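Residues 1 to 310 (our numbering) are what the sequence shown spells out, left to right.
For glycine and all other residues, C-beta sits at the position ideal for the given N, C-alpha and C.
These numbers come from a predicted model, not from an experiment.
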Amino acid sequence: MQLKSFRVRKFRNIVDSGQVKASEPVTCLVGKNEAGKSGALEALYLLNPAYKLKPDLEKQYPRWLLAKDRRSGDLSEVEFISAEFALDSDEIAELEETLGSKLFNYDSFKVTRAYSGKNLWHVGPDEAAIAAHLRGKLSKDVQKIVGKVSTLKALAETINGIDTAAHEDVDGGEIKAAKGLVTEHNLLKATAFDLVHEIIGDKLPTFFRFTGYNTLPGRIDLREVTAADEEPGNSAMQTARALIALAGTTAKQLSADDYEQRRGEMEAVSIDLTNQVFDYWKQNPDLEVIIDVDKEKYRSTTERAWRRDS
């Protein structure tokens with residue numbers, strides 16, 4: 001699923017950003033100070049944030065409009081961000097295999113989020129087309145009993161109403177399979193949107209937002225690196241975690257008891273990171289990233305006590 005464009009309205013200092021197109025590899029926002037670049041990115045982040053933050057109406061609604069707009073309605077229902085997404089070929093194939101090839105007459109859809117924290121999907125699949133596709137999965141004999149249907153509920157009720165005894169000429173296994181289809185998709189209660197959302201709902205891109213950079217300490221304690229994760233960019237220790245992950249290793253591997261294993265891991269990490277740096281940094285080809293680990297040694301309580309007494 002790929003972001004195609006987004007629009008921000010009534011968020012921080014933005015009244016209406018207009019439609020902002022997103023290019024596939026990288027999109028760069030350029031503007032003067034206080035033009036709304038950070039606000040636009042924050043609004044987009046809140047559409048589906050990695051750390052499940054909720055919008056704050058009191059802090060993020062434009063201050064100069066808050067009192068006036070509040071008199072005209074419930075501001076919690078104001079949709080401050082809308083984004084258009086395009087489905088990729090695999091997602092389209094999965095939808096067509098499950099629900100049919102005539103779901104939409106478009107390959108993109110819009111998702112919005114209101115200050116209440118509620119997301120709204122503007123999808124609008126063709127329920128009659130889905131019902132026809134699911135009916136086509138039934139055996140020919142069961143299809144004849146069901147007849148033509150245009151809604152999921154009608155399809156479900158008709159299938160569940162089939163009396164096996166009244167249709168002795170139809171294989172009982174085929175009728176059972178048809179009723180299993182109703183149960184599988186919860187057709188008595190599900191809407192066309194429910195069936196589509198079940199397939200693509202968890203494919204909505206998750207957004208991360210970085211508002212600053214942290215330097216990497218020259219010396220770190222690997223025991224602290226393995227502590228509880230923090231939000232990205234939240235501390236210098238998180239930067240260390242990111243560096244270790246980038247190198248494809250772990251703090252445990254870097255601090256192995258066996259010297260040869262530890263030395264080999266550090267050399268491999270140093271070479272890999274050096275190569276990655278030079279993908280972006282060309283000014284000085286003689287630079288080298290070196291990772292080294294001091295293995296801390298602990299003496300036993302008995303040994304320390306003996307040394308003090310002696």
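If I measure Cβ to Cβ from A128 and keep anything under 8 Å in the same chain, skipping five residues before and after, which residues do I get?
Within the same chain, Cβ atoms closer than 8 Å to the Cβ of A128 are found at S150, T151, the five residues on either side in sequence being excluded.
* Over what stretch of residues does the alpha helix (DSSP H) that includes K153 continue unbroken? -> 152 to 160
**Request:** With DSSP as the reference, label A83 as helix, strand or coil.
**Result:** strand
Identify every residue that forms a DSSP beta bridge with I14. F11
Measuring straight from C-alpha to C-alpha, what distance separates F11 and Q143?
52 Å
Margin query: List, from N- to C-terminal side, the beta strand (DSSP E) runs of 3 residues or more that fit wholly inside the region 74 to 155.
Written below: 79 to 86, 108 to 114, 119 to 122
- Around the Cβ of S23, are there at least 16 other Cβ atoms within 10 angstroms (buried) or fewer (exposed)? exposed
Roughly how many whole angstroms lie between the Cα atoms of K68 and L75?
-> 11 Å
message = Would the region 83 to 95 count as touching the region 195 to 208 if we require 3 or more Cβ pairs under 8 Å?
response = yes
CB-CB under 7 Å to I199, same chain, minus the five flanking residues each way: which ones, in chain order? E94, L95, T98
Can you list the alpha helix (DSSP H) stretches of 4 or more residues lying completely in the region 171 to 198, in chain order? 172 to 185
Exercise for the section: Determine the extent of the alpha helix (DSSP H) in which W64 is found, giving its start and end residues. Expected result: 63 to 70
(message) Please list the terminal residues of the continuous alpha helix (DSSP H) segment that includes Y259.
(response) 259 to 277 is the span of the alpha helix (DSSP H), which, as asked, contains Y259.
Taking the alpha carbon of I175 as the point to measure from, which residue in F210, S139, A192 has its own alpha carbon closest? The option with the nearest alpha carbon to I175 is S139.
Kindly confirm or deny that the region 157 to 175 and the region 11 to 21 touch, where touching means at least three C-beta pairs closer than 8 Å. no
> For H122, is the classification buried or exposed, using 16 other Cβ atoms within 10 angstroms of its Cβ as the cut-off for buried?
Replying inline: exposed
Q | Residues bridged to L3 (per DSSP) | A | F85
Could you tell me which residues DSSP puts in a beta bridge with V30?
Paired residues: none, contrary to the question.
### Task
Could you check the C-alpha separation between E79 and P217 for me, to the nearest Å?
42 Å
Requested in this report: Assuming R113 contacts L46 (C-beta within less than 8 Å), just tell me the rounded distance between them.
Outcome: 6 Å
Open item on the list: Beta-carbon within less than 7 Å of V292's beta-carbon, same chain only, minus the 5 sequence neighbours each way: which residues are those?
Closed with: Reading off the sequence shown, one finds Asp at residue 292, where the question assumed Val. Same-chain partners within the cutoff: M266.
Rounding to the nearest angstrom, what Cα-Cα distance links V289 and D272 in this structure? 9 Å
**Asked** So, S255 versus R263, is the Cβ gap smaller than 8 Å?
**Response** No, these two residues do not count as a Cβ contact at 8 Å.
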